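Chemist:
There are 2 protein chains.
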Amino acid sequence: MSRERLLAALAEAGREHSTTAVMFHTAVSARMGLGMTEAKALDLLRRLGPLAAGEIAGHSGLTPASVSGLIDRLERKGFVRRIRDTEDRRRVIVEIRNDGVAGFGALFEDVVQGLEGLYATYTDEQLELILDFLRRSAEVQRAATAGLG
Amino acid sequence: MSRERLLAALAEAGREHSTTAVMFHTAVSARMGLGMTEAKALDLLRRLGPLAAGEIAGHSGLTPASVSGLIDRLERKGFVRRIRDTEDRRRVIVEIRNDGVAGFGALFEDVVQGLEGLYATYTDEQLELILDFLRRSAEVQRAATAGLG
DNA sequence: TTATTTAGTTCGCTCTAACGAAATACAGGA
DNA sequence: TCCTGTATTTCGTTAGAGCGAACTAAATAA
C-alpha cells in the first residue's frame with residue numbers, strides 16, 4: 000500500500016474509530032439513565048476525584064444553581080454522595096458512590112474482553128507502539144479541543 | 000515494561016483516548032450550534048448519504064414527528080436540504096448541503112494537522128500496524144455498542 | 001460583636017426537544 | 001374510481017435542564 004493510500008486509510012479509520020467511541024459512550028450513558036451533563040460530571044469525578052460543587056461548576060461551565068440540580072439528580076440515581084466539608088462547612092464535596100456505579104461495570108465487559116483479545120494478538124514491541132500512538136493521538140485531540148474553547 | 004504494566008497502561012490510554020474523542024466531538028458540535036441529536040443526524044447523513052425522513056427515524060430511534068422537527072432545525076441552520084423524492088412523492092429525502100458545512104472545515108484543521116504530524120513520525124510498516132489496530136478496535140466498540148442495544 | 005463575603009440551595013421562569021394524535025398528500029390495489 | 005395504507009407534517013402538550021434572583025449558612029474581616 001502506498002504511503003498516500005495509507006494516510007488516507009488512516010484518516011478514515013481514525014474518524015470511524017472516534018465515531019464508534021462516541022456511540023459507545025452514548026449507549027452506556029443511556030443505559031445508566033444519564034443525560035449528557037450528568038455523564039460528563041461523573042467523568043470529571045472519576046478523573047479528578049471528589050470535587051466541591053463550585054469546582055464542578057468551574058469545570059463544566061454551569062451556574063451554581065444548575066450544579067445543585069445536577070448533583071440532586073446524580074444523588075437520586077445513586078451515583079454520587081454529598082459530603083459536608085469538615086474544614087469549611089459551607090462547602091459540599093461530591094464523591095462517586097462505588098456501590099452505585101459498580102452494577103454498571105458489566106456494560107464494559109464486552110469492550111474490555113474484546114480489547115484484551117485484540118491486545119493478545121500483538122507482541123510487546125507492537126503494544127508499546129500502540130500505547131505511544133494512543134497517548135500522542137489523545138494529546139492532539141486534547142489540544143485541538145482546547146483550541147476551540 | 001512488563002506485559003502486565005503494558006496492558007494496564009493501554010487500558011488507561013484507551014479510556015483517555017475515548018474521552019478526548021468525545022470531548023472533541025462535543026466541542027465541534029457546540030461550535031456549529033448543534034444539539035446532540037442534530038449532530039448525530041448529520042453524522043448519519045455523512046456516513047450513509049442522503050436519507051428519507053423515515054430512515055432517519057429508524058436509525059435514530061426518534062418518532063416521525065420528532066424527525067420532522069429535527070430536519071426543520073437542520074434546514075434552518077443551513078446544514079441540510081429537503082428534496083421531494085421523484086419516485087415516491089410522499090417521501091422526503093434529506094441531503095447534506097456541502098455549502099452549509101464547508102465553513103466549519105476549519106474546526107478540524109488542528110486535528111488534521113496534528114495527526115498528519117503524528118503519522119509523519121512512523122514508518123509505513125508502523126502505520127499499517129496502527130491502521131489495523133484502529134480498524135479492529137473500532138469493530139470491538141461497534142460490537143459492544145450493538146450488544147447494549 | 002457586627003458586617004461582609006463566599007458556598008450552596010431554593011424558587012420561579014423559560015426554552016428546547018421530545019412525544020402522541022390528527023391532518024395532509026400521495027401510492028397502489030380492488 | 002375509490003379505498004386503504006404509507007410518509008411526512010402540524011398541533012398541542014409535556015418533561016427536563018438550564019438560568020437569574022433571592023435566600024440560608026458559614027467563614028472572615030473590621
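For the protein sequence lines, the chains are A and B, in the order given.
The first sequence begins at 0 in numbering that gives the first Met the number 0 and counts up one residue at a time.
The second sequence begins at 0 in numbering that gives the first Met the number 0 and counts up one residue at a time.
All C-beta atoms in this analysis are idealised placements derived from N, C-alpha and C, irrespective of residue type, glycine included.
Since this is a predicted model, take the numbers as computed values, not measurements.
#1: Give the residues of chain A in contact with B/G13, contact being defined as C-beta atoms less than 8 Å apart.
#2: If the cut-off is 7 Å on Cβ atoms, which residues from the segment 95 to 120 of chain A count as contacting chain B, listed in chain order?
#3: Quick one: grab the DSSP three-state call for B/R81.
#4: Look up B/A40 in the DSSP assignment and say whether it is helix, strand or coil.
#5: Using a Cβ-Cβ cut-off of 6 Å (strictly less than) and excluding sequence neighbours within five positions of A/A56, which residues of its own chain qualify?
#6: Along the chain, which unbroken stretches of the alpha helix (DSSP H) at least 4 residues long are found entirely within the segment 42 to 76 of chain A?
#7: Considering only the beta carbon of each residue, do A/D123 and B/R141 sit closer than 7 Å?
#8: What residues in its chain sit with their C-beta under 7 Å from that of A/G77, if we drop five residues either side in the sequence?
#9: Measure the alpha-carbon distance for A/S28 versus B/A12 and round it to whole angstroms.
#10: Measure the Cβ-Cβ separation of B/L9 and A/L33 and say whether it is below 7 Å.
#11: Helix, strand or coil for A/E94, going by three-state DSSP, please let me know.
#12: Does the distance from the C-beta atom of B/V139 to that of A/H24 stay below 7 Å?
#13: Under a CB-based cut-off of 7 Å, is A/V79 close to chain B?
#14: Quick check: B/E15 and A/A40, are their CB atoms within less than 7 Å of each other?
#15: Could you check how far apart the C-beta atoms of B/E108 and B/L73 are, in whole angstroms? I think they sit under 8 Å.
#16: For B/G113, does the count of other Cβ atoms within 10 angstroms reach 16, so buried, or fall short, so exposed?
#17: Secondary structure at B/R4, three-state DSSP: helix, strand or coil?
#18: Count the other CB atoms within 10 Å of the CB of B/A7; is the residue buried (16 or more) or exposed (fewer)?
#19: Assign B/E138 to one of three DSSP states: helix, strand, or coil.
Modeler: From the atom records:
#1: L114, L133
#2: L106, D109, V110, G113, L114, L117, Y118
#3: DSSP, reduced to helix, strand and coil, places B/R81 within a strand of the structure shown.
#4: helix
#5: P63, V66
#6: The qualifying runs are 52 to 59, 63 to 75.
#7: Not closer than 7 Å, so no.
#8: R96, G99
#9: 20 Å
#10: No, the pair does not count as a contact, with Cβ atoms beyond the cut-off.
#11: Three-state result, A/E94: strand.
#12: no
#13: no
#14: no
#15: So it is not a contact: roughly 23 Å between Cβ atoms.
#16: buried
#17: helix
#18: Using a 10 angstroms sphere on the CB of B/A7, the tally of other CB atoms stays under 16, which defines it as exposed.
#19: Helix, per DSSP.
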